[in-house]
Amino acid sequence: MTIFEGEKARLRPIERTDLPTYVRWFGDSEVRRYLAVYLPFSLAQEERWFEGVLERIERRSDAILAIETEDGVHIGNVGLHAIDWKDRHAELGIVIGEKAYWGQGYGADAIRVLLRVAFQDMNLHRVVLRVDADNARAIRCYQKAGFRNEGTLRENVFRDGGYINQFVMGILAPEFVSGE
Ligand SMILES: CC(C)(COP(=O)(O)OP(=O)(O)OC[C@H]1O[C@@H](n2cnc3c(N)ncnc32)[C@H](O)[C@@H]1OP(=O)(O)O)[C@@H](O)C(=O)NCCC(=O)NCCS
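With positions in the sequence shown counted from 1, the corresponding number in this note's numbering is that position plus 82.
Quick look at the structure:
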């Protein structure tokens, strides 16, 4: 199996057998909080999602990988979505579903590995993401991985009874330092 190695994170393909893990992760409101996921998912929904993902990976509009620790614990997923092969950009999404692993550098390392693939193998030019303005841990993680703030989408998300700003953050291929 192809595995991309980072300093602490490893990326591998996602498998159908991972789906019960996703049901557990997204059953936790703390994990869902900053994602566009406001209800827990059933296994049946995850199965349908997985079929869609397989199709998008084959069509090359998405690239989604599982994040594992050095010792093979599956802690999250990271992916590129809406890949545009003409303008050469894509949107990054990430979740570390195992909360015990938050804040230990796995997120930033997994993103660096995915950016290496995006810029050095897929020949993308730009990777962009949106992050809730109150998600300080994620913003710090993205800054560590080399993303810059590009602007504010005012009151773009409704959560916890109110509207929240989102930041657009991006990184261009020439700005990426692979660390190799
Ligand atoms: C966002 C997420 C992917 C980041 O991954 P991670 O492995 O936790 O991030 P990292 O450890 O690489 O980096 C987080 C940084 O924020 C810091 N941090 C942690 N909590 C923080 C807080 N409340 N405020 C500010 N910084 C914080 C950490 O100390 C670390 O910085 P440091 O290495 O300089 O000390 C992960 O926490 C997660 O999946 N959260 C839930 C879902 C989510 O928010 N997804 C992103 C949606 S845009």
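Glycine included, every Cβ here is placed at the ideal spot set by N, Cα and C.
DSSP-derived helix/strand/coil call for residue i
i	result
D203	helix
G134	helix
I96	coil
Y116	coil
T234	strand
I253	strand
R142	coil
Q248	strand
L121	coil
Burial state of residue i (16 or more Cβ within 10 Å)
i	result
R98	exposed
R194	buried
Y104	buried
N159	buried
Residues of its chain near residue i, where Cβ-Cβ distance is below 8 angstroms and the 5 sequence neighbours each way are ignored
i	result
V135	I96, D144, I146
V250	V210, L211, R212, N231, E232, G233, T234, L235
R142	I165, W167
Q248	R212, V213, D214, A215, T234, L235, N238, V239
Selected residue, minimal CA-CA separation from residue i, among the options
i	options	result
Y245	R198, M251, E237	E237
V209	V250, E173, A126	E173
H207	G243, V113, G252, L121	G252
H156	H171, E128, W131, Y188	Y188
D93	L121, D110, T151, R115	Note that residue 93 corresponds to Leu in the displayed sequence, not to Asp. Nearest C-alpha to L93: T151.
F201	A91, R241, L162	L162
Proximal residues to residue i (C-beta, below 6 angstroms), its chain only, five neighbours per side dropped
i	result
A190	C223, K226, A227
W107	V113, G179
R170	L206, H207
Own chain, CB closer than 7 angstroms to residue i, minus 5 neighbours either side, in chain order
i	result
P102	L125
F132	R98, L101
E129	L101
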